[in-house]
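Note that the UniProt record's numbering has the sequence shown beginning at 1, numbered continuously upward. Notes to accompany the following structure.
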Amino acid sequence: MKGSRGPRSPLWLARLSREKLGLPAALLFCALFFLAGLFGSLLIFSPSPSQDGRVPRLLLELDDADAERPAMNNGKTGEPTTTLIPFQVLSWKPRALYFPKFATAEQCQTIVKKAKSRLRPSTLALRKGENAENTKGIRTSSGTFLSSSEDSSGVLRQIEEKIARATMIPREHGEAFNVLRYEIGQRYASHYDAFNPAEYGPQKSQRVASFLLYLTDVEEGGETMFPYEDGSNMDIGYDYEKCIGLKVKPRQGDGLLFYSLFLNGTIDATSLHGSCPVVKGEKWVATKWIRDQIDNRQPSCHTGEYMYDLPPHVIK
Ligand SMILES: O=C(O)CCC(=O)C(=O)O
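In structure tokens form, the structure reads like this:
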């Protein structure tokens, strides 16, 4: 009846070996105990896909250990080290990726400071029949273009280089940064960044992707929205000013990349996007439009000639 008298003392193993089964049996018992623990922990942390088929986060992080292998010899235009830029896939329709902590708070503040004294009311590239009056209210932010060549701090160039790594598109394909400020109530109605040749005529080059770097947190509102994400809302006669669909909340230093074109070069209708009105606080964002060809044009900061953003329209 010894065993039923409550918890066994730490001496139970010694007694077991001495009185009944001897030392080999005790060792065997210990080994079994160890193996059971090992298998148990493997089961708990095993990287089997979850019900929705996603690979658990742990596996992704462990795989990053491969980055510690020595880097390869690089070509003339390459780099001598490996790069790790964490990102989250927000959507495949459109292809939209989120880059947490892409830039530091100091880098963001530097950009805001540079842009602040140059802000002008944001403008639109107008289509036939459109003018400043009948497109009023579509884009109510202020903005300016900032080129890395005029930035002696080197911050803009650093960000451009990182965007090039993240997008795998050479830095020279990017337009100058378009830095935007949205005050309370200001917004950007849904639009496409790519140019539909049917509406804008033949284009020398096309915007492939857009990278948004959020320069501030926003207390409320100001999300970047994708109303047609996954093909939703495309048949409801969507009102371009409504803030619906996938919404991305701005967080200082985080980046958002989305592609306007499919791989075959045609415009992805689900890349329609805009900025919800700011409800509380102020939103600052730096947009880098990336083209299918090297962009040699110099931005005209104040005339709006460099402004290629499109007013709302539907691409079917
Ligand atoms: O401010 C945003 O979140 C969107 C900006 C935008 O749509 C653009 O710059 O093309």
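Note that beta-carbon positions come from the ideal geometry of N, C-alpha and C, so glycine has one too.
Counting along the chain, I290 sits inside no alpha helix (DSSP H); it lies in the beta strand (DSSP E) bounded by residues K283 to R291.
Beta-bridge analysis with DSSP links N178 to F145 and T287. In this structure, S122 and R139 form a Cβ contact; the two beta carbons are roughly 5 Å apart against a cut-off of 8 Å. Under the 10 Å beta carbon count, S117 is surrounded by fewer than 16 other beta carbons and is classified as exposed. Exposure of R297 is indicated by the presence of fewer than 16 other C-beta atoms within 10 angstroms of its C-beta. Around the beta carbon of M225, 16 or more other beta carbons sit within 10 angstroms, so the residue counts as buried. By the neighbour-count criterion, in which 16 or more other beta carbons inside 10 Å mark a residue as buried, D254 falls on the buried side.
Under the three-state reduction of DSSP, T224 is assigned to strand. Apart from the 5 residues on each side of it in sequence, G221 sits with its Cβ closer than 6 Å to the Cβ of C276, P277, V278 and V279 in its chain, given in chain order. Y192 is not bridged by DSSP to any residue. In the same chain as A189, and ignoring 5 residues on each side of it, the C-beta atoms closer than 6 Å to its own belong to I138, Y240, E241, G274 and P312, in chain order. With a threshold of 6 Å, the Cβ atom of T287 counts as near ligand 1, since some heavy atom of the ligand is closer than that. Excluding its 5 nearest sequence neighbours in each direction, S260 has C-beta neighbours in its own chain below 7 Å: Y192, D193, A194, R207, V208, A209, S210, I267, D268 and S271, listed in chain order. Annotated as distal: K288 and I169, with beta-carbon spacing of 7 Å or more.
Among the bridge pairs identified by DSSP, F211 is matched with L257 and K288. When the five nearest sequence neighbours on each side are left out, the beta carbons in the same chain lying within less than 8 Å of the beta carbon of T167 are those of A209, F211, L257 and I290, in order along the chain. A straight-line Cα-Cα distance of about 10 Å links S141 and W284.
Within the chosen limit of 6 Å, ligand 1 reaches the beta carbon of D193 through at least one heavy atom.
Inter-residue distance for W92 and Y228 is about 12 Å (C-alpha atoms, whole angstroms). From the listed residues D235, L126, I159 and I236, the smallest Cα separation to Y200 is found for L126. At the C-beta level, E175 and D295 come within 7 Å of one another. Contact annotation: G143 and L180 have beta-carbon atoms nearer than 7 Å.
Bounds of the beta strand (DSSP E) holding L246 are L246 to V248. If you compare the alpha carbons of Q186, L119, A132 and F102 with that of Q158, the shortest gap goes to F102.
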